[in-house]
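Counting in this note's numbering, the sequence shown runs from 121 upward without gaps.
Written out below as C-alpha cells is the structure these notes cover.
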Amino acid sequence: MLNNQQDAFGHSLYDYLQGKAEFQIVERDDGYIESERLQGYFNQYKDWRPIEKTAMRFVRGRVLDIGCGAGRHALYLQEKEHDVVGIDISPLAIKVCKERGFRDARLVSINQISPKLGVFDTVIMMGNNFGLFGSFKKAKHLLGKLSKITSQRGRIIASTNDVYNNKIPEHFEYQASNRSKGKMSGQLRIKVRYKRYSTPWFDYLIVSKNEMESILEGTGWVVKKYIDSDNSYYMAILEKVKP
Numbered sequence: 121m122l123n124n125q126q127d128a129f130g131h132s133l134y135d136y137l138q139g140k141a142e143f144q145i146v147e148r149d150d151g152y153i154e155s156e157r158l159q160g161y162f163n164q165y166k167d168w169r170p171i172e173k174t175a176m177r178f179v180r181g182r183v184l185d186i187g188c189g190a191g192r193h194a195l196y197l198q199e200k201e202h203d204v205v206g207i208d209i210s211p212l213a214i215k216v217c218k219e220r221g222f223r224d225a226r227l228v229s230i231n232q233i234s235p236k237l238g239v240f241d242t243v244i245m246m247g248n249n250f251g252l253f254g255s256f257k258k259a260k261h262l263l264g265k266l267s268k269i270t271s272q273r274g275r276i277i278a279s280t281n282d283v284y285n286n287k288i289p290e291h292f293e294y295q296a297s298n299r300s301k302g303k304m305s306g307q308l309r310i311k312v313r314y315k316r317y318s319t320p321w322f323d324y325l326i327v328s329k330n331e332m333e334s335i336l337e338g339t340g341w342v343v344k345k346y347i348d349s350d351n352s353y354y355m356a357i358l359e360k361v362k363p
C-alpha cells in the first residue's frame with residue numbers, strides 16, 4: 121500500500137473533491153511527462169465516453185472493481201443494485217470513494233487478490249486498468265488468480281489503448297527501447313506526481329488486441345467481444361473458456 125508521501129494519486133483526488141486541484145502529473149522513466157485532468161475520475165454517467173456506457177451493459181452479478189480510483193464506475197453500478205467491491209492501493213482514493221457514498225471500497229492491491237474477497241461474476245478494469253497487470257508474465261499470473269475468484273459465468277471487462285496507434289515520436293522510441301530489453305512495447309515504467317507527493321515507480325501495460333490475445337493464451341480466458349472507440353482506446357470483454 122502507498123504511504124502518505126507516496127499517495128500522490130490519492131492526494132490529487134482528495135484535493136479535487138475539495139475544489140483545490142485540477143491536474144496530476146504522470147512521469148515516464150525516460151523523462152516524458154504528461155498532465156492528466158482529474159475531472160475524468162469524477163464524471164457522472166451522462167458525461168462518460170460512449171464506449172464506457174456500452175461496456176456497462178456487459179456487467180452482471182457481483183462486481184469487483186480493480187483500481188477503483190474515485191469510484192465513478194462502482195457508484196454507478198451500486199446505484200444499479202449490483203453488489204460491488206472496489207479495491208485500490210491508495211488510502212486517500214478509498215477515503216474519497218467512501219465520502220462519495222461507495223459502500224465497499226477496500227485498501228487492497230491487485231497482487232493481494234484472493235478467495236477471501238469472495239466470488240464475483242464480473243471484474244471491471246476501467247480507465248486503462250488492464251495496465252495494472254504490469255507485464256506479460258504478471259498478467260498471466262494475475263489472470264489465473266482472477267479465474268479462481270470468479271464464477272463459471274465470470275467475465276472481465278478491461279480497457280486499454282492500442283500501443284501502436286499513435287503518432288508521437290517519443291512513444292515509438294520508448295517502445296523500441298522496450299523491445300530491445302525484452303519487454304513488451306507498451307510496458308511503461310511510470311510514477312504519479314502531485315505537489316510534493318510521488319508514487320514509487322511501477323509498471324503499467326498498454327497492449328494491442330493481438331498482444332492481449334497472446335497474453336490470454338493458456339490462462340482460461342478468451343476475448344468474447346471488443347468494443348472500439350474513435351481512437352486507440354478500446355474495451356475487451358473476456359470470458360472463461362468453456363469446459
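In this text, a Cβ means the ideal position worked out from N, Cα and C, and glycines have one as well.
- The beta-carbon separation of G247 and G340, rounded to 25 angstroms, does not stay under the 8 angstroms limit for a contact.
- According to DSSP, L308 shares a beta bridge with Y324.
- Within the segment 223-265, the runs of beta strand (DSSP E) that reach at least 3 residues and sit entirely inside it are, in chain order, 225-227 and 240-245.
- For I277, the secondary structure class from DSSP, reduced to helix, strand or coil, is strand.
- Here S155 is exposed. Its C-beta has fewer than 16 other C-beta atoms within 10 Å.
- When the beta-carbon positions are compared, S210 and G130 come within less than 7 angstroms of each other.
- DSSP places S155 outside any alpha helix (DSSP H); the residue lies instead in the beta strand (DSSP E), whose first and last residues are I153 to R157.
- In the DSSP assignment, S318 is bridged to R313.
- The closest CA to that of V361, considering only L308, G264 and M121, is found on G264.
- Secondary structure of F143 (DSSP, three-state): strand.
- E201 carries a coil assignment under DSSP once its states are collapsed to helix, strand and coil.
- For S352, same chain residues with a beta-carbon under 6 angstroms away, outside a window of 5 residues either side, are N281, D282 and N285 in chain order.
- By the 16-neighbour rule on beta-carbons within 10 angstroms, S132 is buried.
- Taken atom to atom, the span from the alpha-carbon of L195 to that of S300 is near 42 angstroms.
- Pairing Y152 with E290 gives a Cβ-Cβ distance under 7 angstroms.
- Burial state of E172 is buried, judged by a 10 Å Cβ sphere holding 16 or more other Cβ atoms.
- Around the beta-carbon of A296, fewer than 16 other beta-carbon atoms lie within 10 Å, marking it exposed.
- The alpha carbon of G181 has as its nearest neighbour, out of W321, R275, K303 and F322, the alpha carbon of R275.
- Bounds of the beta strand (DSSP E) holding A356 are Y353 to K360.
- Ranked by Cα distance from M176, the options Y161, H193 and F162 are led by H193.
- Under the DSSP assignment, K345 falls in the beta strand (DSSP E) whose first and last residues are W341 to D348.
- Assigned with DSSP and collapsed to three states, D185 falls in strand.
- Judged by DSSP in its simplified three-state form, G206 adopts strand.
- Out of R226, L227, I310 and E337, the CA that lies nearest to the CA of Y324 is found in I310.
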